[in-house]
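In terms of the numbering used here, the sequence shown is residues 1 to 598.
Just so you know, even glycine gets a beta-carbon here, dropped at the ideal spot from N, CA and C.
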Amino acid sequence: MPLIPIPFLKSHYNRSHVAIGVFACIATVAINTNMPLSAEIEKSAYTIDQSNLNTSNEKNQSAEIESLRKQVQATARKFKEYQAQLFRSSHPKDQNKIAELGQLLSEKEKLNNQLSNSLKGLEKELAATNKQIANLEVSSNALNSLLNANRTTHENEINSLKRNLDQLTVTYEADKQTLLNNMESHKTENQNYLSKIESHENDKKNLIAKIDLYANENQTLEAKIESNEKEKQNLLVTMELYESEKLNLLAKIESYEAEKKNLITKIEVFENEHNNILNQIEEKYASIDALKNDELQSAHAAIQINETRIRELENNYNNSEIFTVELSSQLAVAHQKQALIQYDLTAALNELEHSKSLNLESQNSASELASLKTRLEQQKLASEEDYEETLAIIHSYYQSSLEEVAAQLADVHEKFNREGEKGLLLQEQLEQALAGRKNHENYSEEQLQQIETLSKELASTKFKYVFREQYIEQLNQAVAHLRSQQQSDVDKLQIALEERNLELNGLQKEMQALNEDKLALEALKASHEAELTLHNHQAQVEKASAELSFVVRETELTAYQLMLQIEIERLNAEIAENAQINLKKTPDLEVQEGSDAF
1 MPLIPIPFLK SHYNRSHVAI GVFACIATVA INTNMPLSAE IEKSAYTIDQ
51 SNLNTSNEKN QSAEIESLRK QVQATARKFK EYQAQLFRSS HPKDQNKIAE
101 LGQLLSEKEK LNNQLSNSLK GLEKELAATN KQIANLEVSS NALNSLLNAN
151 RTTHENEINS LKRNLDQLTV TYEADKQTLL NNMESHKTEN QNYLSKIESH
201 ENDKKNLIAK IDLYANENQT LEAKIESNEK EKQNLLVTME LYESEKLNLL
251 AKIESYEAEK KNLITKIEVF ENEHNNILNQ IEEKYASIDA LKNDELQSAH
301 AAIQINETRI RELENNYNNS EIFTVELSSQ LAVAHQKQAL IQYDLTAALN
351 ELEHSKSLNL ESQNSASELA SLKTRLEQQK LASEEDYEET LAIIHSYYQS
401 SLEEVAAQLA DVHEKFNREG EKGLLLQEQL EQALAGRKNH ENYSEEQLQQ
451 IETLSKELAS TKFKYVFREQ YIEQLNQAVA HLRSQQQSDV DKLQIALEER
501 NLELNGLQKE MQALNEDKLA LEALKASHEA ELTLHNHQAQ VEKASAELSF
551 VVRETELTAY QLMLQIEIER LNAEIAENAQ INLKKTPDLE VQEGSDAF
């Protein structure tokens with residue numbers, strides 16, 4: 001930073017300006033640490049010597065100014081005297097010119113007086129500046145002493161800072177070495193941790209592969225379970241069909257037993273009738289003529305009894321028709337159940353369509369709805385097929401049973417018609433009882449043949465009942481065997497599933513242990529990394545704090561230097577303005593001096 005000479009300040013500024021400039025220069029010299037203090041002191045001493053020389057030169061200049069002023073005044077007097085002499089001896093025209101010149105001279109004199117007054121003011125200012133310079137010399141001496149004291153303190157601070165720097169370098173090297181050792185140890189530990197983590201990852205991959213295998217096996221087992229469930233459902237359906245067939249067969253057996261009882265009662269009635277007829281014939285042989293009317297009446301009674309039996313059979317037929325009506329009502333109930341199932345299916349389809357309309361945004365829901373719809377349609381078709389099959393079975397069974405009942409009733413009607421015809425024949429035989437004993441024997445043989453045929457039919461019905469009971473028992477045994485086999489398969493599958501679940505639980509526990517080990521290793525790694533980062537951060541913070549303090553000091557110095565430069569530039573601008581003003585004033589003085597000389 002350039003220094004401003006003190007004589008220049010004396011010639012262009014008052015005391016306050018010069019004092020501010022000198023203090024600013026001294027402050028810049030004291031703060032500027034880049035320049036040594038000895039050079040600053042030498043520069044300040046040089047400026048003080050220059051100021052002393054300039055004060056002596058200014059004293060000589062003031063004496064010269066006073067002598068010149070006296071000379072100007074003497075020349076002005078002479079000029080006035082010469083002017084008066086010329087005015088007396090001149091021409092009138094010249095006198096006018098001389099008068100004009102006199103006016104000009106009077107104006108010039110006024111200007112000269114003004115300049116002299118300004119010169120006196122400048123002299124007063126110069127005296128004031130001389131006093132300020134004397135004060136500045138005193139302050140410069142004081143500042144020199146302060147500079148010497150600051151120099152010693154600065155040197156002491158530099159020495160202490162050097163010692164602190166040496167200590168910090170030693171501690172920095174030691175900390176650096178320890179940190180390097182710690183980093184190497186941490187690197188080795190990290191490598192060990194990475195190797196452990198890789199081994200754990202490999203174990204994890206193997207476990208995941210095992211889990212996938214177990215999952216595939218579980219899927220196969222689930223598929224088997226589903227197939228077994230389907231088979232179970234099919235078996236349940238077949239069992240229900242067998243149960244329905246069993247119930248139907250039991251109903252048939254009950255009907256056959258009722259028919260059997262009816263036939264037994266009929267046989268007993270026929271035997272009683274046969275015995276009665278034999279007794280009557282024996283009695284009639286004893287008294288044919290006397291008991292002819294009685295026998296005819298008994299025959300009529302037997303015919304009436306047969307007619308009542310025919311009516312009873314017709315009532316039984318009507319009861320069978322009522323049974324068919326009940327069966328038709330049961331079919332209607334089954335139809336109603338089917339309608340309810342259909343209604344439930346339609347409601348489910350409506351709900352599915354509603355959920356489909358609500359969840360059109362997701363493709364998964366749409367696919368699930370479609371699959372559910374297809375399943376429901378399949379279930380609907382299966383239920384309809386089952387319903388149709390059951391209806392067909394029921395219709396066929398009831399049709400066959402009705403046909404059998406109708407055939408049996410037709411047979412019974414034929415039998416009763418035959419019996420009626422036989423009764424008529426008996427009546428004719430009774431009327432022709434007088435024909436002889438041979439007719440009686442033939443009649444008894446026919447009755448015996450009829451009884452034999454009835455006994456054969458009874459035996460055949462018994463055989464049919466026994467065969468059907470054996471068939472039902474075989475079906476029950478087969479169903480029980482299937483149930484036991486299915487239950488054993490289900491138990492085996494459940495045991496296998498439990499074993500797989502135990503294995504999966506063990507694998508999950510191993511995975512949890514591995515994950516815990518991994519988390520512990522990661523925590524140790526994170527703690528070591530945190531310690532390293534903390535050491536590095538502390539070192540960086542210390543380094544940054546030192547750099548920041550140095551930068552702050554430099555910024556403060558540069559800011560102060562900028563302030564001083566701005567102040568000096570302002571002072572230089574003011575000095576330049578004052579110099580220009582003085583230069584403008586000096587030509588006027590020269591003109592005045594020339595006019596006075598003229």
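Taking the straight line between their C-alpha atoms, what separation do you get for Ile575 and Lys162? As a position in the sequence shown, residue 575 is number 575, starting the count at 1. As a position in the sequence shown, residue 162 is number 162, starting the count at 1. Roughly 44 Å between the two C-alpha positions.
Just the C-alpha distance for Leu657 and Ala99, rounded to the nearest angstrom, thanks. There is no way to answer for residue 657, as the model of the chain reaches only from 1 to 598.
Distance, Cα to Cα, Asp166 vs Tyr172? Here residue 166 is taken as the residue at index 166 of the sequence shown, counted from 1. Here residue 172 is taken as the residue at index 172 of the sequence shown, counted from 1. Whole-angstrom Cα-Cα distance: 10 Å.
Does the beta carbon of Glu254 fall short of 7 Å from some heavy atom of the ligand PLP? Among the components of this structure there are no ligands whatsoever, and the ligand PLP is therefore not found.
For Ala599 and Ala149, what's the separation of their Cα atoms in angstroms? Outside the displayed range of the chain (1 to 598) lies residue 599, so it cannot be described from this structure.
Can you tell me whether DSSP reads Val22 as helix, strand or coil? As a working note, residue 22 is residue 22 in the sequence shown. Note that Val22 scores 44 on pLDDT, short of 50, meaning its location in the model is unreliable and no value can be drawn from it.
Distance check for Leu105 and Gln580, CA to CA, integer angstroms please. Within the sequence shown, numbered from 1, the residue matching residue 580 stands at position 580. Within the sequence shown, numbered from 1, the residue matching residue 105 stands at position 105. C-alpha separation (whole angstroms): 27 Å.
Alpha carbon of Lys70 to alpha carbon of Lys78, nearest angstrom: In the sequence shown, residue 70 corresponds to position 70, counting from 1. In the sequence shown, residue 78 corresponds to position 78, counting from 1. Counting only the Cα atoms, Lys78 lies some 13 Å from Lys70.
Chain-order list of residues whose beta-carbon lies under 6 Å from that of Glu222 (same chain, five-residue window excluded): On the sequence shown, residue 222 is found 222 positions in, with the first residue counted as 1. Around Glu222: no qualifying Cβ.
Gln233 to Asn248, Cα distance in whole Å? Here residue 233 is taken as the residue at index 233 of the sequence shown, counted from 1. Here residue 248 is taken as the residue at index 248 of the sequence shown, counted from 1. A straight-line Cα-Cα distance of about 22 Å links Gln233 and Asn248.
With 16 as the cutoff for other CB atoms within 10 Å, does Asn112 come out buried or exposed? Here residue 112 is taken as the residue at index 112 of the sequence shown, counted from 1. Buried: at least 16 other Cβ atoms inside 10 Å.
Could you check if Ile158 is buried or exposed, using at least 16 other CB atoms within 10 Å of its CB as the buried criterion? The residue labelled residue 158 in the question sits at position 158 within the sequence shown. Counting C-beta atoms within 10 angstroms of its own C-beta, Ile158 has fewer than 16 neighbours from the protein chains shown and is therefore classed as exposed.
Which same chain residues, not among the five before or five after Lys584, have their C-beta less than 6 Å away from its C-beta? The sequence position of residue 584 within the sequence shown is 584, counting from 1. Nothing listed; no residue qualifies.
Buried or exposed: where does Leu502 fall if 16 or more other Cβ atoms within 10 Å of its Cβ makes it buried? Reading the sequence shown from its first residue, position 502 is the one you call residue 502. It counts as exposed.
Taking the alpha-carbon positions, what's the Ser227 to Leu236 distance? On the sequence shown, residue 227 is found 227 positions in, with the first residue counted as 1. On the sequence shown, residue 236 is found 236 positions in, with the first residue counted as 1. Cα to Cα, Ser227 sits roughly 14 Å from Leu236.
According to DSSP, is Ile4 helix, strand or coil? For this step, residue 4 is matched to residue 4 along the sequence shown. Caution applies to Ile4, whose pLDDT of 41 falls short of 50 and renders its modelled position unreliable; the model cannot decide the point.
By Cβ distance below 6 Å, which residues in the same chain neighbour Val22 in space, the five residues on each side in sequence not counted? The residue labelled residue 22 in the question sits at position 22 within the sequence shown. Confidence is the limiting factor: at Val22 the pLDDT is only 44, short of 50, which leaves the residue's position unreliable, though a coordinate-based value still follows. Answer for Val22: Leu136, listed in chain order.
Cβ-based burial, Lys509 [other Cβ within 10 Å; buried from 16]: As a working note, residue 509 is residue 509 in the sequence shown. Result: exposed.
Determine the direct distance from the alpha carbon of Asn96 to that of Lys110, and round the result to whole angstroms. Residue numbering aside, residue 110 sits at position 110 when the sequence shown is read from its first letter. Residue numbering aside, residue 96 sits at position 96 when the sequence shown is read from its first letter. Each residue's alpha carbon lies about 21 Å from the other.
Can you tell me the Cα-Cα spacing of Ile41 and Ser140, whole angstroms? The residue labelled residue 41 in the question sits at position 41 within the sequence shown. The residue labelled residue 140 in the question sits at position 140 within the sequence shown. Residue placement at Ile41 is flagged as unreliable, the pLDDT there being 41, under the threshold of 50; the coordinate-derived value follows with that caveat. Between Ile41 and Ser140, the C-alpha separation is close to 11 Å.
Let's test the definition: count the other Cβ atoms within 10 Å of the Cβ of Ile208 and tell me whether it reaches 16, buried, or not, exposed. Counting from 1 along the sequence shown, the entry for residue 208 is found at position 208. Exposed: under 16 other Cβ atoms inside 10 Å.
What residue from Lys108, Leu115, Ser67 has the CA that sits closest to Asn582's CA? For the purposes of this step, residue 582 is taken as residue 582 along the sequence shown, with counting starting at 1. Taking only the C-alpha atoms, the option nearest Asn582 is Leu115.
Count the other CB atoms within 10 Å of the CB of Leu143; is the residue buried (16 or more) or exposed (fewer)? Taking the sequence shown and counting its residues from 1, one reaches residue 143 at position 143. Looking at its Cβ environment, which holds 16 or more other Cβ atoms inside 10 Å, Leu143 is buried.
Go ahead and label Gln73 buried or exposed: buried means 16 or more other beta carbons lie within 10 angstroms of its beta carbon, across all protein chains shown. Mapped onto the sequence shown, residue 73 falls at position 73. Exposed, since its Cβ has fewer than 16 Cβ neighbours within 10 Å.
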